[in-house]
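Those sequence lines, one after another, are chains A and B.
Just so you know, this note's numbering puts 134 at position 146 of the first sequence, and the rest follows in order with no gaps.
To convert, count from 1 in the second sequence and add 14; that's this note's numbering.
No residue lacks a Cβ here, since even glycine has one placed at the ideal position from N, Cα and C.
For reference, the structure is listed below as structure tokens.
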Amino acid sequence: MSNSPKPRPSSSAKVRNAQAAASGGSRIWWVAGAGALVIIALLVIAIVATRSSNDAATSTAGQLAFGTVTVTGENLPEQPADANGQPIGADPAIGKTAPTVTGQRFDGSAITIPSSGKPKVVMLVAHWCPHCQKEVPLIAAELNSKGLPTDVDLFTVATGTSDQRPNYPPAAWLASEKWPVQTLVDDQDSTAAQAYGLSGYPTFVVIDANGKVVDRQSGEKSIDQFNAMLQEARTGTKTAA
Amino acid sequence: MTTSTFSLFFALLSLAAVAGTVGAVVVLAAARRRGSWMPMREDLRRVALPVAWVVAVVTTLGSLYMSEIAHFVPCALCWYQRIAMYPLALLLGIATFRRDTAIRVYVIAQCAVGGAIALYHASIQAFPPESGTAFCTTEAPCTTRYVWELGFISLPFMALSAFVFIATLMVAVGPSRAVALEPTSAPRTTGARA
């Protein structure tokens, strides 16, 4: 406690303090109102700025999230992997005959991924998978600039679909990425994914003209690695690591 | 409204938080040099606690929206930032109603921890390391940009802007070091005590 007595503010000082408090109080309400207006303005900007992309998303409404899938032939075995998803040992699917998978495109039309015929690469992707989200635009840019290969058929299987996970639905995602590859929509049991022995996203299955599996790889791939897989399909010989 | 709309909205709010931080620092610095800035400094002191509470609540709700509605899977680093942010939504609310400015010390410490993690997380999302990080898993990758607005705003960037803004407001909550315009209490004495 101080021994000094508290000086009593003069009446004029009291008035000035009261006026300052009153003007400060009104200023704070102005600040609060301005803050609320700024937040509303930011919300309006966000709505207007994303309207076109939302329109694009709704334009894919009505497209399939799941299709009906029929598999002819034996499912490929899964690639054994360690806890980190790294493959262990040789891929047991190499040299086996790939099954024929029949199903639907996003628009409901029929599509078949035949076992034999042209060499082919089948890419299995999930809309929520971050690695797929990186891989798809990479390959899309390559294929959209150079065109689809004429001697190798490319197929996509949209699988692992869930409306409880990000980036749903897959049709909107692939459309937004200008994905040029024909896509088969997997069913809710991931029948098509099981047919190719999916063990991770994305998975590439390289199949030669005789329907034999040449190579199978999972994870993000560079364009060079992707082109190497196309070459594997053409030659029927595994070259990529 | 869709996830993309909310993502942009939260990104713009984070820019507003950055602008608010800059503005608060300017007011705090100017008020220490010029008495004419003192009324604004006082206004800032009075609104700092409720504004910090609002920022913490909006950040918490935004974080919950991203995981529970947009279904973006939070990684380990996201969870550490959540641990630092979520309690602030409650504690700053209590402090606001009790006008308890002593909370600022604890809040600044918590923001320092959360902000440091957010800074690291934002940096590896902006410049993903080739070799990955110890926090990344396939199911919840920490370098994947679930949100990437305006070419640089990611989810950890938003968290970082919130932590820094709240910490700055907590500095503003403290007593002014400048001389008050109008004395309302006795000057402190160092003399004999009763």
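Cβ-Cβ distance between residue i and residue j below 8 Å
| i | j | result |
| --- | --- | --- |
| L64 of chain A | V201 of chain A | yes |
| Y79 of chain B | F20 of chain B | yes |
| A44 of chain B | F179 of chain B | no |
| S168 of chain B | A136 of chain B | yes |
| V109 of chain A | V89 of chain A | no |
| F23 of chain B | L30 of chain A | yes |
| L183 of chain B | A62 of chain B | yes |
| W167 of chain A | V140 of chain A | no |
Unbroken alpha helix (DSSP H) run spanning residue i, endpoints
| i | result |
| --- | --- |
| G91 of chain A | Where G91 of chain A is concerned, there is no enclosing alpha helix (DSSP H), although the beta strand (DSSP E) it sits in stretches over T88 to Q92. |
| F20 of chain B | T17 to R47 |
| L78 of chain B | M52 to L78 |
| V57 of chain A | First-last for V57 of chain A: undefined, no H or E at that position. |
| K108 of chain A | Segment K108 to V113 is the beta strand (DSSP E) holding K108 of chain A; no alpha helix (DSSP H) there. |
| F171 of chain B | L169 to V187 |
| C125 of chain B | R118 to A140 |
| T38 of chain A | Element bounds for T38 of chain A: n/a, residue is neither H nor E. |
| D212 of chain A | I211 to T223 |
| T149 of chain A | Where T149 of chain A is concerned, there is no enclosing alpha helix (DSSP H), given that its DSSP letter is neither H nor E. |
| S133 of chain A | P118 to K134 |
| A90 of chain B | A90 to R112 |
| L162 of chain A | P158 to S164 |
Residue i, enclosing beta strand (DSSP E) - first and last residue
| i | result |
| --- | --- |
| V202 of chain A | V201 to S206 |
| A146 of chain A | D141 to A146 |
| A98 of chain A | A98 to I101 |
| Q170 of chain A | Q170 to V173 |
| T191 of chain A | T191 to I195 |
Contact with chain B by residue i, beta-carbon distance below 8 Å
| i | result |
| --- | --- |
| A45 of chain A | At A45 of chain A the pLDDT is 48, less than 50, meaning the model places this residue with poor confidence; the figure from the coordinates comes in the next sentence. Yes - at least one Cβ of chain B is within 8 Å of the one on A45 of chain A. |
| L30 of chain A | yes |
| A37 of chain A | yes |
| Q219 of chain A | no |
| D212 of chain A | no |
Neighbour list for residue i in chain A, Cβ cutoff strictly below 7 Å
| i | result |
| --- | --- |
| S168 of chain B | None at all; the shortest Cβ gap to chain A is about 13 Å. |
Beta-carbon neighbours of residue i, restricted to chain B and to distances below 9 Å
| i | result |
| --- | --- |
| I33 of chain A | L22, F23 and L26 |
Where residue i meets chain A, residues with beta-carbon distance less than 9 Å
| i | result |
| --- | --- |
| P155 of chain B | P118 and H119 |
| T158 of chain B | P118, H119, Q121 and K122 |
| T74 of chain B | Correct list: empty, because the minimum Cβ distance to chain A is about 16 Å. |
Residue i: contacting residues in chain B (beta-carbon distance under 8 Å)
| i | result |
| --- | --- |
| V19 of chain A | D57 and V61 |
| V26 of chain A | A30 |
Below-8 Å beta-carbon distance, residue i vs any chain A residue
| i | result |
| --- | --- |
| T110 of chain B | no |
| Y79 of chain B | no |
| S50 of chain B | no |
| T16 of chain B | yes |
| T182 of chain B | no |
| T115 of chain B | no |
| T35 of chain B | no |
| A194 of chain B | With a pLDDT of 45 at A194 of chain B, under the threshold of 50, the predicted position of this residue should be treated as unreliable, though the coordinate-derived value follows. With 8 Å as the cut-off, A194 of chain B does not count as an interface residue toward chain A. |
| R96 of chain B | no |
Residue i CB to nearest heavy atom of the ligand SAH below 7 Å
| i | result |
| --- | --- |
| V178 of chain B | Summarising the ligand content, the structure contains no ligands, and the ligand SAH is consequently not present. |
ask   = How do the stretch 36 to 50 of chain B and the stretch 161 to 180 of chain A stand: do at least 3 beta-carbon pairs fall below 8 Å, yes or no?
value = no
inquiry  = Quick check: the stretch 149 to 166 of chain A against the stretch 106 to 121 of chain A, are at least 3 beta-carbon pairs closer than 8 Å?
reply    = yes
task = State whether the stretch 93 to 107 of chain A contacts the stretch 121 to 133 of chain A, with contact taken as three or more CB pairs (one from each stretch) at a distance under 8 Å.
result = no
query = Counting pairs of Cβ atoms below 8 Å between the stretch 97 to 110 of chain B and the stretch 120 to 139 of chain B, do you hit three or more?
reply = yes
key: Any 3 or more C-beta pairs closer than 8 Å across the stretch 107 to 115 of chain B and the stretch 154 to 162 of chain B   = no
inquiry  = Across the stretch 87 to 95 of chain A and the stretch 51 to 62 of chain A, are there enough close Cβ pairs to call them in contact, namely three or more that are closer than 8 Å?
reply    = yes
query = Taking one C-beta from the stretch 202 to 215 of chain A and one from the stretch 75 to 90 of chain A each time, how about it: are there three or more such pairs within less than 8 Å?
reply = yes
key: Three or more C-beta pairs below 8 Å linking the stretch 185 to 197 of chain A and the stretch 211 to 226 of chain A   = yes
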